[in-house]
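Residue numbers (the working numbering), protein chains in the order written: chain D, 86 to 362; chain B, 2 to 325. Backbone N, C-alpha and C fix where the C-beta goes; we use that ideal spot for every residue, glycine too. Just so you know, these numbers come straight off a predicted model, no measurement behind them.
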Amino acid sequence: MKEKELKVLAANIRLETLKVIHSRGFGHVGGSIDLADLMAVLYGAVMKFDPKNPRWPDRDWLVLSKGHAGPVAYATFGLMGFYPLEDAYTLNQPHTKFPSHTDRKLTPGVDLTTGSLGQGVSAATGAALGNKMDGRDNHVFCVIGDGEADEGQVWEAFHFAYAHKLDNILYFIDKNGYQLDGSTKDILDHGDIAKKAAGFGLYTQEVDGHDVTAIYNAIRNAYAKKGVPSCIVLDTIKGRGATFAESKHDHSSQPKEEQWQEALSAAEKAFADAKNA
Amino acid sequence: MSVNLIGKHEKDPRAARDAVALTLDAMMEKDPAICYLDCDLMGCINTKRLREHYPDRAFQAGIAEGNAAGIAAGLAATGKKVFFHSFGTFSSRRCYDQIYMSAAYAGLPVHVLCSDPGVTAAFNGGTHMPFEDAAMYLSIPDAVVTDPCDYAQIACVTRQLPDITGGVTMTRFPRKDIIRVYGDGSEFPIGKGVVLRASDKDVVTIIASGLMVDEALKAWETLQAEGVPARVIDMFTWKPLDAELVIRSAKETGAVVTAENHNVTCGLGSVVANCLARNCPTVQEFVGVQDRFGQVGPQDFLMDEYGLRAANIVEAVKKALARK
Chain D
86 MKEKELKVLA ANIRLETLKV IHSRGFGHVG GSIDLADLMA VLYGAVMKFD PKNPRWPDRD
146 WLVLSKGHAG PVAYATFGLM GFYPLEDAYT LNQPHTKFPS HTDRKLTPGV DLTTGSLGQG
206 VSAATGAALG NKMDGRDNHV FCVIGDGEAD EGQVWEAFHF AYAHKLDNIL YFIDKNGYQL
266 DGSTKDILDH GDIAKKAAGF GLYTQEVDGH DVTAIYNAIR NAYAKKGVPS CIVLDTIKGR
326 GATFAESKHD HSSQPKEEQW QEALSAAEKA FADAKNA
Chain B
2 MSVNLIGKHE KDPRAARDAV ALTLDAMMEK DPAICYLDCD LMGCINTKRL REHYPDRAFQ
62 AGIAEGNAAG IAAGLAATGK KVFFHSFGTF SSRRCYDQIY MSAAYAGLPV HVLCSDPGVT
122 AAFNGGTHMP FEDAAMYLSI PDAVVTDPCD YAQIACVTRQ LPDITGGVTM TRFPRKDIIR
182 VYGDGSEFPI GKGVVLRASD KDVVTIIASG LMVDEALKAW ETLQAEGVPA RVIDMFTWKP
242 LDAELVIRSA KETGAVVTAE NHNVTCGLGS VVANCLARNC PTVQEFVGVQ DRFGQVGPQD
302 FLMDEYGLRA ANIVEAVKKA LARK
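What follows is the structure, encoded as structure tokens:
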């Protein structure tokens, strides 16, 4: 793992995520862009994948159960060569292959369809079971929002994964502290979500979700843990890297064009700075 | 289609659930891609045997149907042919969004087994009595919905399900007592209605499924004795409907009576009415549950209570004929 390369990739994913959403002018900026560092680690250093054969049976799977984070996946897959990046600039246009929420029937690289919160966690868990039945040496990475964790189905899936000893699935909880109507603490306080996940029998770690080295090391720890599923709670800042979203923790954003230009310039600069660091 | 009609209104000594359990057992032996998922109700339909015989492919998801439906979809995404069971209420209402989005919308076939349809839920009562389960599946694009009537038909439908990959499927079946309508070995291609009684003098077509097929045959006998020639069709596939057969029979007989163990506002009668309204508007009467909730009691009582008897079909036929 080369930390600098991953930081550069993360900055690139941030910039491209902004470009994808800017193509439509509005969207779920906050909860997409805060996953850039995780996506950089997964696609830059961890996951097995083949952009020319997205359904390669031995691939690692990515399930964005918080399906509204689609744009960060579309930017990452474009950078990885699943399709020309510009294709994703059709986000939410009629007949696009890049809908607001991830759809396995439409977008190369998307393994499961998500959008109704909580559901991707169960489907990802089922896929982990299926891969284990086939004796595959691969992993399923499932990304859950902390707001999404209001859904009881998330915890039912954890219960199932524990009971079936699925050590080939890693759940990430994107703990950015905000959901549509406000802070998670105000809407429906989880208390200590990492303790809750651990209470369900998951091997649980909590790391800085914007520290690529910490994320990478947590994944290596999870790989070494046999017989139990893993959960990595990512402490993140919603909207991290988008100038108009970061300070407000907005769930979705409809910035004015000058705000977009400011955010895109800042992201371009951050990308250049990362390369020159 | 090879069908051997017995139609003597005799109980089958075998439990209906074994038409699913024993058939699946044989199918799983031959096809390692088939797997089975249950929500703590294996004991109710004799599928503990699957977990014993195929411990690596038959799973418990516990009492958590929404999660189980998602697990089933995920398994399907890895190429498995997945059968998923719970009581009809829980395998429809309780996990509908998961079946709709994680499986159907996502293009992942899952075969949903819904036991205890309608009044066959009997002593489990109104909380467990699905009169709307098929309605929910009928409204899913590309879904296949069946309501087979006896052991041979349930087994035959079960055997065909893994070959259906274009959508989710749902199969309604009772657990215990069942009338033997057909001889074993009869073949029932999904999507094709079965004409049980027909003559060129028929003045009405009775279209029934499931529990109501035997009642329809009894009604035919009464009508025959009264000099009313009737056609009887077992329409065990509600979706996709055998529209060609429905239209032809409606045109030839000029009146239709549907009979179902389900709410008539959104089931077999509605599917048939939809087809007829668009192709050849025809007088139709609807035998079935008249927009009511379920309740507890013996099945015989419930069949009387909800008007699911041959006498109700005869009465409906007379009404339809009067409206012609």
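Identify which residue in the options has its Cα closest to the Cα of residue i.
i	options	result
T328(D)	L91(D), I229(D), I98(D), S350(D)	S350(D)
C1(B)	I248(B), Q300(B), G308(B)	Lying before the first or after the last residue shown, residue 1(B) is absent from chain B, which here runs from 2 to 325.
P24(B)	Y37(B), V229(B), K12(B)	For the sequence presented, residue 24(B) should be read as Thr rather than Pro. Measuring from the Cα of T24(B), the nearest candidate turns out to be Y37(B).
P299(B)	V120(B), L242(B), V257(B), Y97(B)	V120(B)
Q291(B)	H263(B), A274(B), A144(B)	H263(B)
E316(B)	E53(B), Q61(B), V205(B), I64(B)	V205(B)
H336(D)	F243(D), L265(D), P179(D)	L265(D)
Q339(D)	G112(D), D231(D), Y263(D)	G112(D)
S268(D)	K333(D), A362(D), G152(D), A282(D)	K333(D)
I180(B)	A274(B), K12(B), R198(B), A27(B)	K12(B)
K320(B)	V288(B), M304(B), F294(B)	V288(B)
G211(B)	E30(B), D39(B), Y152(B)	Y152(B)
L51(B)	V21(B), G80(B), F189(B)	V21(B)
L109(B)	G324(D), L255(D), G211(D), G203(D)	G211(D)
V182(B)	E30(B), V214(B), G127(B)	V214(B)
F226(D)	W146(D), M218(D), A330(D)	W146(D)
K260(D)	G220(D), G230(D), K250(D)	G230(D)
I106(D)	D277(D), R140(D), Q178(D), P169(D)	Q178(D)
V93(D)	S117(D), A130(D), G115(D)	A130(D)
Who are the Cβ neighbours of residue i in its own chain at under 6 Å, not counting the five residues just before and after it?
i	result
H112(B)	F84, L162, T170
K177(B)	A16
P149(B)	I155, V158, F237
M43(B)	K49
When the Cα atoms are used, what is the spatial distance from residue i to residue j?
i	j	result
F91(B)	E66(B)	7 Å
S185(D)	D271(D)	26 Å
I304(D)	E88(D)	15 Å
A248(D)	P56(B)	14 Å
L336(B)	V146(B)	Look at the range of chain B in this structure, 2 to 325, and you will see that residue 336(B) is not part of it.
I234(B)	E286(B)	15 Å
F183(D)	I98(D)	16 Å
A160(D)	A125(D)	11 Å
S87(B)	G255(B)	40 Å
T199(D)	A348(D)	28 Å
L149(D)	V228(D)	5 Å
N138(D)	A309(D)	28 Å
G232(D)	N253(D)	24 Å
A217(B)	A209(B)	7 Å
S201(D)	E236(D)	10 Å
L1(B)	K82(B)	This structure does not reach residue 1(B), given that chain B is present from 2 up to 325, and the question cannot be answered.
K9(B)	R58(B)	39 Å
E90(D)	T298(D)	11 Å
R198(B)	F132(B)	27 Å
A154(D)	G184(B)	55 Å
L273(D)	A307(D)	29 Å
A323(B)	S3(B)	36 Å
A74(B)	G168(B)	11 Å
K360(D)	E171(D)	22 Å
G324(D)	I258(D)	16 Å
Q225(B)	A231(B)	7 Å
Excluding the 5 residues flanking residue i on each side, which residues of the same chain have their C-beta closer than 8 Å to its C-beta?
i	result
M165(D)	Y128, F134, P136, G194
M137(B)	S93, R94, Y97
A244(B)	C276, N280
Spatial neighbours of residue i within its chain, please: C-beta separation below 7 Å, excluding the five flanking residues on both sides.
i	result
A352(D)	R99, L100, L103, G326
W240(D)	F285
A121(D)	A95, I98, R99, T102, V157, G326
D41(B)	Q61, G63, I64
A279(D)	T289, E291, V318
R160(B)	T24, M28
Is residue i near the ligand NAD, judged by its Cβ being under 7 Å from some heavy atom?
i	result
V196(B)	Inclusion of the ligand NAD in the displayed structure is not the case, the ligand content being empty and no account of it being possible.
Under 8 Å, Cβ to Cβ, is there at least one residue of chain E near residue i?
i	result
I35(B)	Within the model displayed, chain E is absent; protein chains D and B are what it includes.
Inter-stretch contact (C-beta, 8 Å, three-pair minimum) for the region 278 to 293 of chain D and the region 303 to 318 of chain D: yes
Interface residues of the region 76 to 108 of chain B facing chain D [CB-CB below 9 Å]: L76, A77, A78, T79, G80, K81, V83, D98, Q99, Y101, M102, S103, A104, Y106, A107, G108
Contact list for the region 48 to 59 of chain B against chain D, Cβ threshold 8 Å: D57, R58
Contact the region 254 to 273 of chain B vs the region 100 to 110 of chain B: 3+ CB pairs below 8 Å: no
The region 216 to 223 of chain B contacting the region 297 to 316 of chain B, beta-carbon criterion three pairs below 8 Å: yes
Interfacial residues, the region 196 to 222 of chain D to chain B, with Cβ spacing under 9 Å: D196, L197, T198, T199, G200, S201, G203, Q204, G205, V206, S207, A208, A209, T210, G211, A212, A213, L214, G215, N216, M218, D219, R221
The region 69 to 79 of chain B touching the region 207 to 214 of chain D, judged by at least three CB pairs closer than 8 Å: yes
Members of the region 125 to 151 of chain D that neighbour chain B once the beta carbon cut-off is set at 7 Å: none
Members of the region 242 to 260 of chain D that neighbour chain B once the beta carbon cut-off is set at 8 Å: A242, H244, F245, A248, H249
Residues, ordered as in the chain, of the region 323 to 349 of chain D that lie near chain B by beta-carbon distance below 7 Å: none
Contact list for the region 150 to 170 of chain B against chain D, Cβ threshold 8 Å: none
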